[in-house]
Amino acid sequence: MESSLQLHGVALSAPLLHQTLLRLHHSSKIAVALFNYAKCLPDPPLTSASYNLLIDILSKVRQFDAVWQLIVEMDQNSIHPTTTTFFILIRRLVAAGLTRQAVRAFDDIGSFVERGPGNKDYYYLLDTLCKYGYVKVAVEIFNKRKACGEFDPDAKMYTILIYGWCKIGRIDMAERFLNDMIERGVEPHLVTYNVLLNGICRRARLHPDVRFERTLRAADKVFDEMRDRGIEPDVTSYSIVLHVYSRAHKPQLLLDKMKMMKERGISLSVATYTSVVKCLCSCGKINDAEELLEEMVRNGVSPCAATYNCFFKEYRGRKDVDNALKLYRKMKEDNVCVPTIHTYNILIAMFVKLDKMGIVREIWEDMKRNGMGPDLDSYTLLIHDLCEKQKWRQACTFFVEMIENGLLPQKVTFETLYRGLIQSDKLRTWRRLKKKLDEESITFGTEFQNYNLKPYRR
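Residue numbering for the sequence shown follows full-length UniProt numbering, starting at 1 and increasing by one per position.
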């Protein structure tokens, strides 16, 4: 790498290093090599942002000892670690299930940052633990630190913990914490009730109808309590309940509830419309959904990619090429929102199965031009469908492109392509692909070696 950069006369500036590290987010070895090269330059272009990027890259592959060395190195080089540096480490430690190490890292903030942890820092720690399902650890910290007087509990802290209990399906504990905050004189706000409402509605089983009705009664109870405390439900509150009707496939009840919201002067949000569109599409009422899409635009609510995805999924089920392509091109022309990678993957899966490779190429190029992909799923679904249709040349082309882009195909993709090529007497083609993979092996490290592919016998 060093000789290549020097040969081409590349001057490594701080912005260039930053952008390159962003591109190397999935290639930890190359990122470390580049960073070490930057450190050896006469005027190292290192900033706290570049250190934070490398810390995130290494944390992602659980090289936490190396991360701590970087934090100490930052401090020694007067590029002082910030709370952001520690937040990156804490998030990755929690994601890896190392909650105790995450708490110790949190406690070490005061040793590297001028000020000790405050309420905002505790928000982050508790929220991260709750988002990854470790609400019991979060509650333990909350109770212990509260007793030591390290912070004054406020509505936001309680709301985070209520969210944590809802996330693991413990609505009883969420309600207990709501009652506890009220007893302690901490007034719940709209977000607190919406979090509880979301917990009650999103995870509930809705079949048979008795469960659906029980969920609605529990939601109505929350609405009554909100109003008793002088808090008027907002569009988010109603949208959560609308989603219950959508999941239960109750289109008429859903439309009636939406009409009631309009009569009360509640401006519908994109999430509200999307819930209704999703239900109408899944119930086969595609014409009603299309009318609702037009209403959205008339009312100044811009549809999001998730709204369009509801239509694309329904068109895919119906094998309706014309309407899917018409809506996709209208989406591009109107420029209301950019398709997400999920949108592109839905369309690619649909058109490749219908053997519309010309349309697939158009969508593929659009996706690359918009910087949305392709990702691992894009390549996987495309290669598997091409193998199914025995289009080996195209499958191999995308397989090579995938490897060159630094994406390691899943083991099942290797096996599918290998088995198909062998059965079709194309062993020489497979050997060329394997050679290409070996040339790019630095990108994948030892991960590919763990696949242990066995020779296939016809």
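Idealized CB from N, CA, C, for every residue including glycine.
DSSP, read as helix, strand or coil, puts Ile341 in helix. When C-beta atoms of the segment 35–45 are compared with those of the segment 414–422, fewer than three pairs fall below 8 Å, so the two segments do not count as touching.
Spanning the alpha carbons of Tyr123 and Arg202 requires a straight line of approximately 24 Å.
Secondary structure note for Ile79: it is in no alpha helix (DSSP H), with a DSSP letter that is neither H nor E. When Cβ pairs closer than 8 Å are counted between the two stretches, the segment 210–217 is seen not to touch the segment 176–186, the count staying below three. Per DSSP, the continuous alpha helix (DSSP H) segment holding Gly110 begins and ends at 109–112. With a cut-off of 8 Å on Cβ pairs, the segment 87–96 is in contact with the segment 54–61, counting three or more such pairs.
Taken atom to atom, the span from the alpha-carbon of Ile231 to that of Asn323 is near 44 Å.
Three or more Cβ pairs drawn from the segment 360–380 and the segment 321–341 lie within less than 8 Å of each other, which places the two stretches in contact. In the displayed model, Asn405 falls within coil according to three-state DSSP, outside both helix and strand. The C-beta separation of Ser239 from Ser269 comes to about 6 Å, placing the pair in contact by the 8 Å criterion. Within its own chain, the residues whose Cβ lies closer than 6 Å to the Cβ of Ala96, once the five positions on either side in sequence are excluded, are Arg62, listed in chain order.
Secondary structure remark: continuous alpha helix (DSSP H) runs of at least 4 residues inside the UniProt repeat "PPR" (234–268), in chain order: 235–247, 251–263. Distance check between Phe64 and each of His384, Lys332, Ala105 places Ala105 closest, using alpha-carbon atoms only. Between the segment 262–276 and the segment 300–319 there are three or more inter-stretch CB-CB distances shorter than 8 Å, so the stretches are counted as touching. Judged by DSSP secondary structure, Gly420 falls within the alpha helix (DSSP H) whose first and last residues are 411–423. Taking the CA atoms as reference points, Val222 sits about 35 Å from Arg100. By the beta-carbon neighbour count (other beta carbons within 10 angstroms, threshold 16), Gly317 is exposed. Taking Asn198 as the centre and dropping the five residues before and after it, the same chain places the C-beta of Ile240 closer than 6 Å to its C-beta, in chain order.
By the 16-neighbour rule on beta-carbons within 10 angstroms, Leu125 is buried. Sorting Ile359, Pro233, Cys283, Leu17 by C-alpha distance to the C-alpha of Gly265 places Pro233 at the top. Separation of the CB atoms of Leu161 and Val135 is rounded to 7 Å, and the pair is thereby assigned contact status at 8 Å. Straight across, the Cα-Cα distance linking Tyr328 with Lys356 is about 15 Å.
Taking C-beta atoms as the reference points, Ala155 and Pro117 fail to come closer than 8 Å. Look at His384 here: in three-state DSSP terms it is helix. Rounded to whole angstroms, Lys353 and Asp385 show a C-alpha spacing of 7 Å. Where Glu362 is concerned, the enclosing alpha helix (DSSP H) starts and stops at 357–369.
Taking the Cα of His249 as reference, the smallest distance to any Cα among Val235, Gly284, Lys259, Leu46 is reached at Gly284. By the neighbour-count criterion, in which a residue is buried when 16 or more other Cβ atoms sit within 10 angstroms of its Cβ, Val297 is exposed.
A residue is called buried once 16 or more other Cβ atoms fall within 10 Å of its Cβ, and Leu427, having fewer, is exposed. Rounded to the nearest whole angstrom, the C-alpha separation of Trp68 and Tyr51 is 11 Å. Classified as exposed, Lys262 has fewer than 16 neighbouring CB atoms from the shown chains inside 10 Å of its CB. For Thr159, the uninterrupted alpha helix (DSSP H) run begins and ends at 155–167, by DSSP. Here DSSP, grouped into helix, strand and coil, assigns Asn299 to coil.
Between Pro15 and the set Ile359, Ala49, Met350, the nearest pair of CA atoms involves Ala49.
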